[in-house]
Structure formats: C-alpha cells, structure tokens
Amino acid sequence: MHVLLNIKFDQEEVINILEMIKDSASVQPKADDDEKSDVESKSDHETKVDEIDVEGLVKYCSRLVQTLESQYPNAWDGFIYKYTTERDSNLSEIQRRVLTLNIDQSSHAEVYLKLTDSKALLRAETVKYLAAHADPSEVRESIRHVISELWKDDQPCVVDALLELPESLWCLDIQAVIATLVLISQQTHKTWNVTAQRTLEKFLGSEICLSVEGEHRSSLLLALLPYMFHNDLFLQTVLKSKYADKDPLLKSMKINYQKTANSSIVWDAMVSKSEHLPPNEHIVRALSQHLYFRKPIYITISCVLLSSNISSRDDPQHLLKLFKFVSRFFETQNTHWKGPTDMNHEVFQQCLCACYKGKLSLAIYSHFMQVFISNLDMPNSSAGMWTYCTSTPLSALLVEMFCTFVNKCNQFEKNGQSAQLNTYVAIMKRFIKHFMPTVEDQIKFYCNLSLNANSDVNLSIWCVYMLHHLIQNSQVSMDATFVPYFMVLLFSPNEVVRKISLDVLQCFTNTFQGLLSTNKTGRGFNDFIKDLIKYREEIYLDNQCVVTYVGEILSGKVYHHVLDSLVLSAVQEDTPPHVTLQLLQILANVHSCHIFKQLIPLTSRILGNTEEDEGIRIIEEPQSRILFHILTRFSHSTSDILDEASCWACVQACVRNFNVKLALDGNTLLCANVVFDNLKADVYDELTRVGKERLLHLLLELKHDTENDDILICIKEFVKKISLDCKLIEPFLKGMASGEVKQNTTTTKKRRTVELPTVDLLNTKEWKLGIATLESIEHKKKLDNAQVLIPYIFQVLKKCLQFDEQIYVEYIKQLCLTSIHNCYLKVDNVNELGANLFDIDAVVESIRTSKNPQTHHQALLLLSYIASVLPDQVLKKFMPIFTFMGNSILRLDDAYSLQIINKVIENVVPVILTASDNKSNNPAHATEGNVVEVLRVFTDAIMDIPDHRRIYLLEKLLTTLNNGHYLYVFLELMFERHVLHPEPVLEVNTVKRYNKDLKSQHASGMPKRLKLALHVCSKYPLNILVESCYKLVQF
C-alpha cells in the first residue's frame, strides 16, 4: 500500500486503476447448497482453499480501493457515479462485495449513492440523515451539488426533507431560491400544499431572502405573487414571514390584510401605482433572461405590474420597447378570451385559473392596453399636419401600436377567430377614442399613416379605404391643408391607392374651405383639384402623369396660391423627409426663382453648420435626394436665381461646401458636382450680366480653392462651351497686375532702394485667381472684348520678368504669352488697337531671360503672329529675335521647334523686306542690309542645325527672301565664314553623305560649309544662279 502513497496519479489514471481492481475481482464465489451437485467431484480441502482465497481477494481489493478513495476523492466520486449508473448491470458477486465493503467503510460514498437512488423515500431518508448527523463543513462538493439538484425533485417528501437541512447545507443562492419557488408554484396537486407552505416559511425567514435587494428583490416578489393568489393560507404565510416585515410592498399588504383577509389586497396593491412595485425594467429583464418566468401565470402578473408602473412622463422610446415586449408574448402563447372586458379582482382570478391550464387570457392584454393607452398623452398640436408621419418617438409609438392592432384584426378575421377579433377591435376603438376624438382627426391620422415611411402597401390601401369610408359616411368638409396628403397619395406607385385617392378627391371637390375660387388674387384648391381630376384615367395608369399635369396646371400664375401652399408644405420643418421629396418630385416641372427662394431654408437645414475641421459628412437619403432635386432646379427657366441675393448665397453655400457629400445610388457626390453637371451653356446664355459675373467669379474662385478633379473637369468643360465676355473677368487680372508683396534691396553703387517681387507674391489670392483666369482664356475659342485683358496681361508678364529666380514664374509667363496670343486672335481688327498696346520689349525680354524651351516657343509664336498683323512692332526687334533663334531654337531637333521656325520665317521675314522698302530713301540698300543681318544668323549657326534640316531651312529662308534673289548674299556670307573660320578637310566618304544629288561632281577635299552652299545652289533654277554669280563678281 505504501507504493500507492508515494506515487502521484491524475484523475483518469486513478479511475483506470479502480476499473482494473473491479475487473480483477471477477472470480466466482463458492457454490450454494442448491448447486453442490455440480461440484461433488471437488474435495473438501480444495473447496476450503478457494473460500480462503476469495476472502483474501475481497479484503485486499477493498483496502486498495479505500486507500485510493482517501487520496483521490474526486476520482472516486467519478468512479462511484459510474458505478451507480451500472448497479443493475451484470457485476459478479465478488465485485459487489469489494465495492459494498468499501461503501460500508465510506460514509461519503454511501450518501452519494443513496441521494442519487431512484427511490424517493431513500433520497428523503438520506437527506434527513444528513440533517441529523452531517457536519456542513465536512460535506464534500459532490454531495453539495447533488443537494442543490434535489431542490428540483418532483416528490414533495424530498423537498420536505431538504427543508430540515441547516441553511448552510441548502446549497442555494438567491437565484436558485427564486427558481425553486417558481418550480413549486407550478405544482398543482394538493399533496404539494403543505410542502409549499413550509417552503415559504423556511425561505422567507432565511438570511438569503432577508438580505435580498435591487433586481433580485423584484424577481422574488414576482415569484411570490402566484402563492398569494393561490389560497389564503399561502397569503397568510407570506405576510407573517420575516421577509414581509422587511419588504415595503408586503408590509403595506400586511396592514390591509387585517381589514380584508383575502387576495383582493394583493390585487389592490398591484394596481395601486405604488412606488414600491417592482420597476418595469426589472420585470422585463426577469422575463427576458429566465425561462422559468415565461409561464402564463407570470406573464399575466407581469402585465398587470407593468401597466401599473406606466406614466405619461415615461420616455416614448421605452414605452415602444415595452409595447413590443408585451405584444410578443401574446403572439407566441396559447391565448383565449373569456369573461368581461373590464378587469377586476374576480376577473383576474379567472385569468390565473386559465394560466394553470397553460393558456394566456386576452383579457390581460386588453387591460394592459387600456391602461397603456390611457397613460399616453395626446401628441403636441404644434407638431402640425404630419404628426403621425414623422419620426418623433411618440408618433412612432402610436403608429406601431395602431399597425399592430390592424394586422391582428386582419389576421383573426382571416382565420375566423371572432373572440380574438373582438378583443383587438375593442382595443382599436379605445385607441381611436383617446387619440382621434373627431372625424377630422381620424382623417388626418389615416392620411399620415398611409404616408408613413414604415407602412407597407397593404396598410396604405387599408388607410385609404378608411378615408373613403369616413368621408362618404360623415360628409365632412375638408380643409385645403389636406391636399398635400392626397397629392402624395396620387403619386403612389400602387394603382389601388391612386384609384381610391381619386375617388376621395372626387367626393369633395366642392367642399374645400381654404383658398376658394372667390379669392380675387387667384383660383383656389377646389378648381385646381377639378382641373387635375380631368386626367383621372392617365393618373390611374401611371403615377408619373401627376408630375406632368401638375406642371401644366401650376406653371401659370392662375394657381400661384396653390403652388405656394404646396411648396410651403414641402419645406416646413415638421414635414417628413420622404414626404418632402415626393412633393418636390411632383412639382419637378414647375420652375421659378420664387420656388427656389422658398426652398432655401430647407437647403440650409440639410446642409447644417459644418465646420471646416469636422471632416467629411455624408448626407444619406432621402435628405441627399432632396438636396439633389433642389440643386437641379437651376436651369434656363430659372436663370434669374443668381440675381437674387438670397438664392445666390444658397448656391454659393452649396458649391463651396467641400465637407458635405450626397449619397446617391451607391455613389457620393459634392454639391458642386451636382450644380456643374446640370449647368449647361444655354443656362449661362440666359443669365443676366450680374448672374454671369457672379457665376464666373464663383467658378474661378473654386478653381483656385479646390483640388477635386471632378469639379475641375466640370469647370473646364463649362468654361469651354460658353461665350465668355472678358469684361466680366477683368477684375481678376487687374487685381493680379496690381498685387504686391515687396522686398527692399539696396544697391551698392547708387545707394537707392529697388522694389522687387518675391516668391510670396505667387501665394497671394490675387495671383492664384489670376492664374486660374489665364488658364481659362489661354485656349478659349469664344472670347468677347478680349482687348480689355491685354494691358493687364502685359503688366503681369513684366512683373514676372522682375523676379530674381525666373524658374518660379516660367509657367505664368507661358500663360501670359499664350493668353495674349489668343486675345489678339479674337480681336476682329487689330489695327484699331493702340500702337503701344503690344509690348514687344516684354516679349523679347521673356525670351532673353528664360531657359525654358516652352517659353521660347510661345514667345516666338506670338511674335510670328504679331509680325503678320503689326509689322512695325516687330521690325524694331527683329535682330534680337533672329539672334535668339540662332543661339537656341535652330539647334533643336523636334517637330514643334521646326514649326515655330517656319512661322517666324513666313511672318517676320516678309515684314523686314516690306518695312525696308517703305521707310528707306535707298530701298535696295536698306533691304540688302536687313537681309544680311538675318542670313548672318543662319550662316553662323549652320553647322549646329541638325543635318537633315539644314538644306530645308536654308531653302525655306532664301525662297521667302524674294524667291532666292538674295542667294548671292548667302554665298557671300558662307565664303566669308569659310575664310575667317576655315574647317578641316573632310574625307571623301564623309563628303559623299551630303552629295547624294551631285553624284557626278568630284567632292574630294571640299569643306563641309562650301559643300552645303553648293547643295543649296542646286535647289534653284539657272537664272537665279547666273544672277547670283553676276552679283558675286560685282561684289
């Protein structure tokens, strides 16, 4: 045995050892007297030895088992549990003796086996034995677990025995006590009465219940109430307990019990609205979290308690949850209706009797709803015409209640359950009487309910039927405020709703009291409805016809009062968003600045106050759809919107707000996207001058402010399509030209201050707006009054030339050059402009100071054009132009540079020739001098011009110079260059590359420059060559 004491086993190993011991004791015992005939052949000595061996085996195994039990009690408990479940199995007698002997020596094992025995009396006696002899501190956990489970026993004798245990051995917490009380309360047989009474006495006097507080106190009261209604003995037991002296609600019942010794005092306490009643949130949680409370009797009692706690001061959202919670029980439970509708003590007792049969009485639900409805206040009359269509908590509660009642009535009527139907009809009547005392209120409610966003089509149809029924039977006179309801109903996608709505309008077309036809300032609603009903068949077939015909009828000024009333209904703050959207959709074909002006408050409410640092805010539907509809109303028929200060402020607020996006069809858009996508050239043409100026300024400022690609593309496309009056954007370039951020620099020699612009100037708002303006006009095709911008652009160009670092202003210089070029192209008669308008010095200076090829190109293109229209301007500066060309652009090898050189040759060279002929006393000599200067530029740079373009450019230049008659000047300059700057002799193979057209001529030893001159000469006819030779001889 000492070996087992020194070895540590885990629980599974111990159970396996016990199993092995049980299996080893599987030998057969000595035969009985009746079986001696089967063993007569055995000797007496052998039989005695067998008996001694069996006894020794039993003793050894028993001691071994006892040792294991003392060391590993938990493992032994598990083994014994398995043994108890197998005690009817085929165990041998020796195995039984081994285990039985051990049990006799272990009180724990014996108690465990007896507590789990199938015989109730044995279980009860074992519990009584524990009550008399057990030390609570030594009772093992396994026994405690069995005791806690025995409280659920289905035999009262076992529970009676458990009540004799000391409280420390109950093995219960307060939740288990409540569960036990609930379980015993469900036992209806009279044999449980004494046990139930004793249980109440013991539990309500225990420290477990006396120390209960809060939510557990509410659950305990809920568990006790069925006992108090069951019989007077239980009621007396509860009220005489120690717990009743502690609990304020039971204490008040105890005082009244002296006057009325029956359960009516409990009923009076339950409906008394006492502050000591369990709070509703405790009751709801108890029924939600514990299955044992979801019995009909506890649901019945809970409904009475919940209704007693309801107050008009309660939050409607909490009341809505409570209403749904209670209604759900009556949907899932087996309900019945029996008895009078008014609830009292006697009726409640009948409901409890039904609960013991497993049924939930609808009288309880009727009582709950009666109290629930009576404690609700009427909606605030200031809520307006959409009281029951809005999403306010109280309106949502009332709509949910009524929809539940209607659906239940339809369900029971369909199933033929007249008793249940009558219950819900009575509840509906009480609801209508409380909240809709007049027919007008009922009509308003049904209109609201039919348009409620949460109403399904069937409910809308039912409401419209009720409207028709009320109006036909009551002959009620309608007010004009009801028209928006029916306008939205006519726009319904359901044809049944449209048909009944048309029938309703037909009933009272002559009964409207508001804006009648006698009004001198316009026709009223009655005439409007008559005109609309003329299209009854079309509207019945297609709801979009409402939009068409309403647009036709309201587009004139005859019904302006009707139009104002409908728009006012749409923009009111209490109007539900989905109704607002439908009204705006109905009025989609009615356009005017007046309507847009009325929609401004609605737009402001949707946009809200969004600060710059709040980040992006997404406006969901239907608000986003409403704002989209408002912004798309900006069209050619409402072009005067921008003239109105309030409308313009609204448009600006929408377009400039980059923190708000509209969620539409799965995409998110800025308001600016919506406005500019809808902004077409025809809309711009209809604008007044003020509107155009405001819009252009807004576009250019947005182009400066935003980096959103979608908006920039929209602005670019819009500006591209419109005809732009430059006078409207003149202030931007004027501000750019006059903008200054100065830095003082003192020269050393002259000691004077020179004011130079700095890079900070580029970051000023004036310059950024000016850059956006230049970008908009540099390639604009439709420009009017372009000449007004030219002086300011030249001023900007000259200011750019004053920067120390020209790299920062290269792009702006390019914008200025292209914009000047484009402005001159858009002037019909350039000669009418002032002689000094074109500042050629600034253009030439931009060439001289820049190292950017793109700037050079733009400047040369501009000079090329100016040479064709203002030759006198270019003549003064033609040499710097050609000198620059020789130093830079002639050396480039791209198609764009070649194109510029061609334009300069075509436009500037003829100007030089013409100007020399007109202004000199000796035209021939003057012309020849200018030609020499031009040709010298090309001959000096001839070797730097790309090989494949030399002949082409020289031929182009000489042809432009009077068709090659100045070829001799070119040859003179080439000879001069050859003499002054001789070149090394070329190899024969190298020379041949430039003499593909002169294969017959010997080229050995000829310099490259002379070879090029010879090649150029081959391009001209004989008479030109003879003339050139003659002039060379003369020279």
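Using full-length UniProt numbering, the letters of the sequence shown map in sequence onto residues 1 to 1035.
Note that the Cβ used here is the ideal one computed from N, Cα and C, for glycine as well.
- Between F732 and the set I713, I771, S723, the nearest pair of CA atoms involves I771.
- In this structure, I820 sits near L862, with a CB-CB distance shorter than 8 Å.
- For V655 against L724, the beta-carbon gap comes to about 19 Å, at or over 8 Å, which does not count as contact.
- The C-alpha of R848 is placed about 15 Å away from the C-alpha of D839.
- For I178, same chain residues with a beta-carbon under 7 Å away, outside a window of 5 residues either side, are S219, L220, A223 in chain order.
- A Cβ-Cβ contact shorter than 8 Å links C171 with S148.
- L583 sits buried, since 16 or more C-beta atoms from the chains shown fall within 10 Å of its C-beta.
- Per the coordinates, the alpha-carbon of N452 lies some 41 Å from the alpha-carbon of L712.
- The Cβ atoms of C671 and C593 do not sit closer than 8 Å to each other.
- Counting along the chain, no alpha helix (DSSP H) covers K661; the unbroken beta strand (DSSP E) around it starts and ends at 660–664.
- 8 Å or more divides the Cβ of Q787 from the Cβ of L817.
- Here the C-alpha atom of L18 lies approximately 28 Å from the C-alpha atom of V127.
- Straight through space, the alpha carbons of F596 and L642 are spaced by roughly 11 Å.
- With a threshold of 16 other beta carbon atoms within 10 Å, E707 falls short and is exposed.
- Just so you know, the alpha carbons of C545 and N309 end up roughly 53 Å apart.
- In this model, C409 and L362 are separated by some 14 Å (Cα to Cα).
- Secondary structure in the stretch 270–332: the alpha helix (DSSP H) runs of 4 residues or longer, each lying completely within the stretch, are 280–289, 296–309, 316–332 in chain order.
- A Cβ-Cβ distance of about 20 Å is found for the pair K780 and N829, leaving them out of contact under the 8 Å criterion.
- In this chain, the beta strand (DSSP E) harbouring T668 covers 667–670.
- In the structure shown, L756 adopts extended strand secondary structure according to DSSP, grouped into three states.
- Its Cα nearest to that of C355, the residue Q187 stands out among Q187, I471, K273, D503.
- Put simply, the stretch 274–292 touches the stretch 240–259. At least three CB pairs are less than 8 Å apart.
- Distances from the alpha-carbon of P601 to those of P622, E620, S569 put S569 closest.
- The criterion of a C-beta distance shorter than 8 Å is not satisfied by L183 and S241.
- Between the alpha carbons of N262 and L235 lies a gap of roughly 8 Å.
- Distance between L305 and V238, taken at the CA atoms: about 19 Å.
- Here Q585 is near F491, since their CB atoms are less than 8 Å apart.
- Here the C-alpha atom of A649 lies approximately 20 Å from the C-alpha atom of Q572.
- By the 16-neighbour rule on beta-carbons within 10 angstroms, I618 is exposed.
- In the three-state DSSP reduction, S646 falls in the helix class (H, G or I).
- Looking at the DSSP output, I619 shares a beta bridge with L662.
- Here the alpha carbon of I174 sits roughly 36 Å from the alpha carbon of L376.
- Apart from sequence neighbours up to five positions away, the residues of its chain that approach N256 with a beta-carbon distance below 6 Å are I265, ordered along the chain.
- Here V759 is exposed. Its C-beta has fewer than 16 other C-beta atoms within 10 Å.
- Look at S361 here: in three-state DSSP terms it is strand.
- When I443, D153, I208 are compared, the shortest CA-CA separation from N473 is found for I443.
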